[in-house]
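Number of protein chains: 6
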Amino acid sequence: MTHIKREDGRENFEKRPVKITRNYTMYAEGSVLIEVGNTKVICTASVNEKVPPFLKNQGKGWITAEYSMLPRATDERNMREAAKGKLTGRTMEIQRLIGRALRASIDLEKLGERTITVDCDVIQADGGTRTASITGGYIALSLAMERLVRMGTLKENPLTSNIAAISVGIVNGVPMLDLKYTEDSSAEVDMNVIMNCKGEFVEVQGTGEESTYTREELNKMLELAEKGIKELIEVQEQEIREEFSL
Amino acid sequence: MTHIKREDGRENFEKRPVKITRNYTMYAEGSVLIEVGNTKVICTASVNEKVPPFLKNQGKGWITAEYSMLPRATDERNMREAAKGKLTGRTMEIQRLIGRALRASIDLEKLGERTITVDCDVIQADGGTRTASITGGYIALSLAMERLVRMGTLKENPLTSNIAAISVGIVNGVPMLDLKYTEDSSAEVDMNVIMNCKGEFVEVQGTGEESTYTREELNKMLELAEKGIKELIEVQEQEIREEFSL
Amino acid sequence: MTHIKREDGRENFEKRPVKITRNYTMYAEGSVLIEVGNTKVICTASVNEKVPPFLKNQGKGWITAEYSMLPRATDERNMREAAKGKLTGRTMEIQRLIGRALRASIDLEKLGERTITVDCDVIQADGGTRTASITGGYIALSLAMERLVRMGTLKENPLTSNIAAISVGIVNGVPMLDLKYTEDSSAEVDMNVIMNCKGEFVEVQGTGEESTYTREELNKMLELAEKGIKELIEVQEQEIREEFSL
Amino acid sequence: MTHIKREDGRENFEKRPVKITRNYTMYAEGSVLIEVGNTKVICTASVNEKVPPFLKNQGKGWITAEYSMLPRATDERNMREAAKGKLTGRTMEIQRLIGRALRASIDLEKLGERTITVDCDVIQADGGTRTASITGGYIALSLAMERLVRMGTLKENPLTSNIAAISVGIVNGVPMLDLKYTEDSSAEVDMNVIMNCKGEFVEVQGTGEESTYTREELNKMLELAEKGIKELIEVQEQEIREEFSL
Amino acid sequence: MTHIKREDGRENFEKRPVKITRNYTMYAEGSVLIEVGNTKVICTASVNEKVPPFLKNQGKGWITAEYSMLPRATDERNMREAAKGKLTGRTMEIQRLIGRALRASIDLEKLGERTITVDCDVIQADGGTRTASITGGYIALSLAMERLVRMGTLKENPLTSNIAAISVGIVNGVPMLDLKYTEDSSAEVDMNVIMNCKGEFVEVQGTGEESTYTREELNKMLELAEKGIKELIEVQEQEIREEFSL
Amino acid sequence: MTHIKREDGRENFEKRPVKITRNYTMYAEGSVLIEVGNTKVICTASVNEKVPPFLKNQGKGWITAEYSMLPRATDERNMREAAKGKLTGRTMEIQRLIGRALRASIDLEKLGERTITVDCDVIQADGGTRTASITGGYIALSLAMERLVRMGTLKENPLTSNIAAISVGIVNGVPMLDLKYTEDSSAEVDMNVIMNCKGEFVEVQGTGEESTYTREELNKMLELAEKGIKELIEVQEQEIREEFSL
């Protein structure tokens, strides 16, 4: 791996600083503001004592996610999807990904017949908004679950393992961890990796952007991702411990 | 006017504390987070060097506004308008109101052929989100305009007078300033007042909620609103002075 | 108040002639054609023995309104909202206003669990279509209510007070009653006032059109509106008396 | 043909009385209210000095039609298509039919590069709304065309032959002319016939409603239709003569 | 009738060759690929043990149809209706026609409370797609019905008579049977005829394309159609016999 | 790797039989029917001499893809997206994936300012529809490109390397190649792999379905995929050689 200083001075294997503000909004059962470098996402977990029709009377719950960006979260203002009258393919893809990821962290039977909606609203975007949404969304979900336990709604915390996510990529031939926007937009390969605290994969999505990658490059990217996710999971656990004085 | 202590200890003629965080996001030409009590709105002003078709080649600019609430800005989660595929009547009414209000603060000819979009995204709602959007939106607009002047894009600041807005209402027969959500939802009359720094009205909207009000009550509400708006305009001016060390 | 002859010869304090054709269509429980000068609106009140979901099992009824213009009700043909696939913000704002206004005229508990939909379809538009819709809509509602009483569906007429509406504005610095289209489109201030037969306000909406107005001007406009609404309520009462030989 | 008295006393071969109110609205280049028995349709012809993209620069004009019913034009209130956000199949089918029919009455090259939109808005529906729309729409179109000639916009009237339409059907085994709603809804066969003043067919649409019909029945229905259309064309010509004192 | 050789060598009274591939797809209760010359349509009949709301608890079933074209079924690629977000008027008109036609072939009471959806997806279009959909749709329906009988779901086959459809038209003044696309697009008159095996009409739709036709021409077209439909019904019966070794 | 006989008798490392019918439809510049076991997809490549707005005047072309399933391509009939009025998230995700994959096979500059739309319409679905769409879509694209070369529209074939795709997964703990529907729906992990003829990855998407997978399992799945794709690319090359007698 060549040694190249990145625009913000990071090494290739370094992720950006992560900051969590717990209980960022006052109504949601769980909420955080997650900041990953300049990327900022409000994640809230909302509990609803119902399940979608396809799960009725099965004794199981559901986790779903929604994702959106404020119109000026980016350098150029984007039209609102509400004004367009429909979600873009990108939004749908991302919110399906977040939901799938978070469902891998929980025992849906222990959750019981309720739905948790994790809303991820990007306030400011500088690359990695979907992975920040997953990492922050897990904390919001975790705050909500622990609260349901303390309120007596749940007998037992249904979470089974932390889930976190990070991006990796190949920029100018060099594998790099946690791409910021300028890196991401010039990357030959862009990969999002979601793992749990046991070091298992929940999802790997690696895309050549009008380009391709070899098995060796794939391996290098996965190694960077594993390292980054391990660090993110430590942050998550620290926050949850602090919140509940565990 | 009867003397009744309000839920949060305010007098009837007292508005809630207002806090402005300037430059809340990094991309917009102007941006603030405005907090009015527990109501929090991100207001950004985005400059676009185009005008809508109906204004083409008239040497005039345009101000438009968009308004939205995060799904869990409220006690119960609301479905996203992007997911519904259309804006509600309430949203359209509010964003038309904000746009009209802000257009009354500016000389559109001096703005030249450009459009300013003021986005008001409610992070947390506790009553008065539309009036907070106008008060905060004006500051975002003002930051953007002064910057265009300093960058040389504009020769002269096109703003002609500050605009601020506040709600008043009648709750249990008593006129009150700046209703929080619990007050608003039990009010007999709900009025939004928008004024400029010269003490003139830009818009008055007073609605009996399955109720009515007399001319005398209307007058009392307008007096409360005038007092509140004067205070809000002082806050606005203080922020703008600080930003530009005027 | 300066003395200026208006385009159609009216004094500033004069409203346009109003003509009501009762039972204009044959299926609706109540229907009128209201003509205010050249503005013509068909108002029908339709009774449905159901309430919207948010009112189920509360022993209360509901009044809702819908508003539309025929495409060639105006000088230039407008595209149909059905063809666009959505209601404009203007339409939503107006139909919400009409519904709110009419709900202030009735005891919803006495109405019982039924919904009245008041449809206001503008056949020809020459200013003041929303206020004509409210004034005419009230008569259609009133015809329907009295009929339900006579048919024995209702024990008692649930209407509590007449509601009528009129526009006022400031044109070339002069406050004027009941603006026709050419006046409205050049007005500095446009205000819609809705009152009941007791002289109380149901709604006041006064908007500076890229302009502002003083407290004194507000007062003058409200006086004109009060006078106009008193006259409209006499017309309404006359029509209802004639219909039912009261 | 069996002799059966119809609900409203008509013979099988009798159409309902037709009443035309010319210039029913004040803005459209041509407008009528057509009443066929209790069916009432406002037809307006609006001229636009543009053609749709597929006809650009071909020296030809276009006629298009739109059709709608007021929500309470019928015995039960129908939801507005604008509120549903889309046109029903029935509406699309009808407005395509009206447009096709009217295009058969005109020389589109003589019309020049302009579009005439014929709006047919049903105020009250008692069967035969699509055929009344065509018959009335032709008069509105004709008033508009003659006016364009008199204003000097057109050198020559581009209309080539009157077009009118009527329904026929088989009710309880008996062929009948001009079905009213109660007849139409119990008809075994429902046929709409559009012809010109030369006795030629523009369109024939005959539908068995969960039923079928023989060649002989088809012939009988066509004879009734021919008779009815001849009478309608006389009404049209009378109206046009009166309007222009021809 | 003048004698003119057609582009593909057919006589005016000759239909194109018809080929049926039964059980073209493996999931549907009934399915065929119908090829009429170069026009190819996949028709499937899907059984659902429910009825639409307007038929609930009436002991009757329902037949409905949907029609679509693959984007490149035609010479120029057409945008998908799913991408446009709505069905075109043409599609709605066609699928309503197919549904009506097939309902005339069946005793809906004997079908019982179930819905059959006949999907007609045009793989390749060379004129006559709607009539091929009806002719092929009937076979798919028939395969499904016979299967429900053999499975014991139905006691008795509810079909009452074969239904088939064909187009006729007038091209360069000459009546012709079964128009291919190049003929159809230059036809003065275009007529679709749907008949049953008893020689009765289910539907006749004859349209002058900016043209008209006489009674005599109508008669000639109907004769051609009768001949063509008789041949199509033989094909249908042959296929059904082969399938069930009747 | 445990040895388990699969439902259809295949070994874990065996893909299903693949059958290509070239020139399946007559209008598209390139078209095939691809059958992978019981999965059948019509792939057409349509050439348009325009590019989307974001590519205007850059001397580059574009490849885009659309994906759809016939309603009865599956065991239970699915509602059409055109009837729902919008694409599902699944469809959008798949068509974005196909487009990205095919763009990795071509030099967009050599394509010149034209757009190729690859339509993938699933006639019958038995697992692996998205990978079959990519594998078949590449052949359709390739037929179209070679034809443009032979017609002289392109100087040089812009394709740079074959692209094919296959699914792998873990079913009951066992990695398997090319899952059919019953396998896919019970898989713990589902992975789609897209590679080129040089053995490089274009895209890897591996998803734990409420489950996770280890690095070792990931490696095994990638090996199976590489083997399968090598075989698919041989099929592709054979077809292209036969078509053009290369």
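So the protein lines, in turn, are chains E, A, V, Z, Y and U.
Under the UniProt record's numbering, think of the first position of the first sequence as 1, with each following residue one higher.
Under the UniProt record's numbering, think of the first position of the second sequence as 1, with each following residue one higher.
Under the UniProt record's numbering, think of the first position of the third sequence as 1, with each following residue one higher.
Under the UniProt record's numbering, think of the first position of the fourth sequence as 1, with each following residue one higher.
Under the UniProt record's numbering, think of the first position of the fifth sequence as 1, with each following residue one higher.
Under the UniProt record's numbering, think of the first position of the sixth sequence as 1, with each following residue one higher.
Each residue gets a CB set at the ideal place from its N, CA and C atoms; glycine is no exception.
Residue i versus the options, residue with shortest Cα-Cα distance
{"i": "Met195(Y)", "options": "Thr135(Y), Glu81(Y), Leu246(Y), Glu188(Y)", "result": "Thr135(Y)"}
{"i": "Ala65(A)", "options": "Glu49(A), Asn38(A), Leu102(A), Gln58(A)", "result": "Leu102(A)"}
{"i": "Glu243(V)", "options": "Lys50(V), Ser167(V), Ser142(V), Ile229(V)", "result": "Ser142(V)"}
{"i": "Ala187(U)", "options": "Cys197(U), Lys86(U), Tyr213(U), Pro53(U)", "result": "Tyr213(U)"}
{"i": "Ser105(V)", "options": "Ile233(V), Arg90(V), Pro175(V)", "result": "Ile233(V)"}
{"i": "Arg22(Z)", "options": "Val41(Z), Asn48(Z), Gly59(Z), Ile116(Z)", "result": "Val41(Z)"}
{"i": "Tyr138(A)", "options": "Ile170(A), Val47(A), Arg114(A), Ile98(A)", "result": "Ile98(A)"}
{"i": "Ala73(Y)", "options": "Met26(U), Gly61(U), Met92(U)", "result": "Met26(U)"}
{"i": "Asn219(Z)", "options": "Lys230(Y), Glu200(Y), Gly112(Y)", "result": "Glu200(Y)"}
{"i": "Ile170(Z)", "options": "Ala225(Z), Arg130(Z), Ser133(Z), Ala132(Z)", "result": "Ala225(Z)"}
Which of helix, strand or coil DSSP assigns to residue i
{"i": "Asn12(E)", "result": "coil"}
{"i": "Met1(A)", "result": "Confidence in Met1(A) is poor, its pLDDT being 46 and thus under 50, which makes the residue's placement too unreliable to answer from."}
{"i": "Met191(Y)", "result": "strand"}
{"i": "Leu154(Y)", "result": "coil"}
{"i": "Leu246(V)", "result": "coil"}
{"i": "Val235(U)", "result": "helix"}
Own chain residues within Cβ distance below 6 angstroms of residue i, not counting five before or after
{"i": "Leu154(Z)", "result": "Leu148"}
{"i": "Pro71(E)", "result": "Arg77, Asn78, Arg80"}
{"i": "residue 256(A)", "result": "Summary: the structure shown does not reach residue 256(A), with chain A confined to residues 1 through 246, and so no result is reported for it."}
{"i": "Gly208(E)", "result": "Val189"}
{"i": "Ile20(Z)", "result": "Val32, Ile34, Glu239"}
Any non-hydrogen atom of the ligand ADP within 8 angstroms of residue i CB
{"i": "Leu224(U)", "result": "This structure simply doesn't include the ligand ADP, nor any ligand for that matter."}
Own chain, CB closer than 7 angstroms to residue i, minus 5 neighbours either side, in chain order
{"i": "Lys84(V)", "result": "none"}
{"i": "Asp178(A)", "result": "Lys15, Arg16, Gly128, Ile166, Ser167, Gly228"}
{"i": "Leu159(Z)", "result": "Ser105, Ile106, Ser142, Met145"}
Cβ shell of residue i (< 8 angstroms), same chain only, five flanking positions each side left out
{"i": "Glu156(A)", "result": "Lys110, Val149"}
Cβ-Cβ distance between residue i and residue j below 9 angstroms
{"i": "Val202(Y)", "j": "Gln205(Z)", "result": "no"}
{"i": "Cys43(U)", "j": "Val32(U)", "result": "yes"}
{"i": "Asn162(Y)", "j": "Glu237(Y)", "result": "yes"}
{"i": "Leu108(U)", "j": "Glu7(E)", "result": "no"}
{"i": "Val193(Y)", "j": "Val168(Y)", "result": "yes"}
{"i": "Ile116(V)", "j": "Ala45(V)", "result": "yes"}
{"i": "Arg114(U)", "j": "Lys50(U)", "result": "yes"}
{"i": "Asn38(U)", "j": "Gln95(U)", "result": "no"}
{"i": "Val118(V)", "j": "Ile63(V)", "result": "yes"}
{"i": "Ala140(A)", "j": "Gly59(A)", "result": "no"}
{"i": "Ser185(E)", "j": "Cys120(E)", "result": "no"}
May I have a chain-ordered list of the beta strand (DSSP E) segments no shorter than 3 residues that lie completely inside the UniProt domain "Exoribonuclease phosphorolytic" (15–144) of chain E? Qualifying beta strand (DSSP E) stretches, in chain order: 18–22, 30–36, 39–48, 62–69, 115–124.
Segments of 4+ residues assigned as alpha helix (DSSP H) that fall wholly inside the UniProt domain "Exoribonuclease phosphorolytic" (163–228) of chain U: Counting only runs that start and end inside the UniProt domain "Exoribonuclease phosphorolytic" (163–228) of chain U, the alpha helix (DSSP H) elements of at least 4 residues fall at 181–185.
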